[in-house]
Ligand code: NAI
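Residue numbers (our numbering): 13 to 358.
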């Protein structure tokens, strides 16, 4: 039995909570904006310290999705689902069945897919309870499946664009990657193929060690990634990696990564600027995955996805130009553009 509760917040965010007491499943779907279309954003399953912490994360992530989808010129608004990992060993099928019910209850106003802690197999379970889900196994030569390689490609293309802008060669650089999960691994492979050095860290140290071994890089302890002598720092784990404690430690001249909500606070964008570190706003460069999900939904080809993902780096250069022209941080420049795109659609 699932209890659902709805709360509409100021700033027009809606929070749809769901709870399955029998299986100890507690989660929420946050709809941030439907101005451009149904709210699209993945489902995060994480061991949150509290349900309030999950909601807070979901709200920030949903806002980021609205901006991301607008920037990538996709016909979607922004939303996100967060689910607290139940204590101990738990029934994964029950969890995603419960979540599917919550998605279905919204009648298509929210569309889900993978995020941290979920996989294609999980989305297949969700599909048995609702059709409002992407990131499913591709069939008959169509696009779909794990969005991570596309996300990594957009981040990689953005690194190349920044390198060109700064007249530096990626092949002579070292990239420090935080997080050796789905995106971190794909990104490490692309960067290593381009001839750059890799330093990688993950709280799962064996995972980081394996990726390092596979790409010919080195792995370091999770806390040490901020101190590495790397040209580019690539956050590909959870949000908040760029904060008052970590920014002074960075030895990179650029930050380009996939993680959502990399800046812990707005002020951290200014702190990066003061240190002369170029920041590629997360939602501008990590839209490869939603571009692939859009193609899955609308029946676009793999070439369409590739072109759109490669164009992500052009958006980034526009943001950096606006930031130089207006004397604001990249995050401020990007937020202004995104808000304008959403307002125009509304
Ligand atoms: P994932 O769950 O496959 O990998 C995340 C990795 O980060 C895990 O290996 C985890 O152990 C590690 N990690 C967590 N905290 C850490 C810490 N403090 N230090 C080092 N490692 C830590 O997730 P995925 O799919 O690779 O996503 C990574 C990030 O990129 C997330 O923030 C996600 O929201 C974002 N993102 C992912 C997209 C995708 O297509 N998968 C699309 C857009 C954004």
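Each residue gets a CB set at the ideal place from its N, CA and C atoms; glycine is no exception.
For the pair residue 52 and residue 324, the CB atoms are not nearer than the 8 Å cut-off. Within the model, the alpha-carbon separation for residue 184 versus residue 219 is close to 25 Å. With the rule of 3 Cβ pairs closer than 8 Å, the segment 174-189 does not count as touching the segment 76-90. Beta bridge pairing from DSSP links residue 58 with 96. Annotation for residue 309: the continuous alpha helix (DSSP H) segment containing it runs 300-310. Residue environment: residue 225 is assigned as exposed (fewer than 16 neighbouring CB atoms within 10 Å of its CB, all protein chains considered). With a cutoff of 7 Å, residue 195 counts as near the ligand NAI, since its C-beta is closer than that to a heavy atom of the ligand. For residue 190, the distance from the CB to the nearest heavy atom of the ligand NAI is below 7 Å. Your pair residue 335 and residue 350 does not check out as a contact, with CB atoms roughly 14 Å apart and the cut at 8 Å. DSSP places residue 281 within a helical segment (H, G or I) once states are collapsed to three.
Beta-bridge annotation (DSSP): residue 145 is paired with 124.
One Cα belongs to residue 58, the other to residue 95, and the distance between them is close to 7 Å. A Cβ-Cβ contact shorter than 8 Å links residue 242 with residue 186. In terms of Cβ geometry, residue 138 and residue 108 form a close pair [threshold 8 Å].
Considered as a whole, the segment 312-339 harbours 314-338 as its complete alpha helix (DSSP H) runs of no fewer than 4 residues, in chain order.
By the criterion of at least three beta-carbon pairs nearer than 8 Å, the segment 156-171 is in contact with the segment 303-315. With a cutoff of 7 Å, residue 240 does not count as near the ligand NAI, since its C-beta is closer than that to no heavy atom of the ligand.
Counting only residues of its own chain and dropping the five nearest sequence neighbours on each side, residue 341 has a CB closer than 6 Å to the CB of 281, 282 and 285. Shown here for residue 127: same chain residues with a beta carbon closer than 7 Å to its own, the five before and five after excluded, namely 54, 55 and 56 in chain order.
At least one heavy atom of the ligand NAI sits closer than 7 Å to the Cβ of residue 126. According to DSSP, residue pairing for residue 254 in a beta bridge involves 275.
In the structure shown, residue 78 adopts helical secondary structure according to DSSP, grouped into three states. Residue 291 and residue 247 have their C-alpha atoms some 11 Å from each other. Between residue 272 and residue 76, the C-beta gap is smaller than 8 Å, which places the two residues in contact. Under DSSP, residue 190 forms a beta bridge with 213 and 247. Taking C-beta separations shorter than 7 Å and ignoring five residues to either side along the sequence, the partners of residue 227 in its chain run 200, 201, 204 and 210, following chain order.
Measuring C-alpha to C-alpha distances from residue 142 to each of 151, 130, 116 and 198 identifies 116 as the nearest.
25 is the residue among 151, 337 and 25 whose C-alpha sits nearest the C-alpha of residue 73. Beta-carbon to beta-carbon, residue 358 and residue 47 are separated by about 4 Å, close enough to satisfy the 8 Å threshold. Here the alpha carbons of residue 206 and residue 69 stand approximately 34 Å from one another. With a 10 Å radius around the Cβ and a threshold of 16 neighbouring Cβ atoms, residue 253 comes out buried. Of 34, 189 and 352, the smallest CA-CA separation from residue 266 is found for 189.
In the three-state reduction of the DSSP assignment, residue 52 falls in the strand class. The three-state secondary structure of residue 357, taken from DSSP, is helix.
Counted as a single uninterrupted DSSP element, the alpha helix (DSSP H) harbouring residue 105 occupies residues 104-117.
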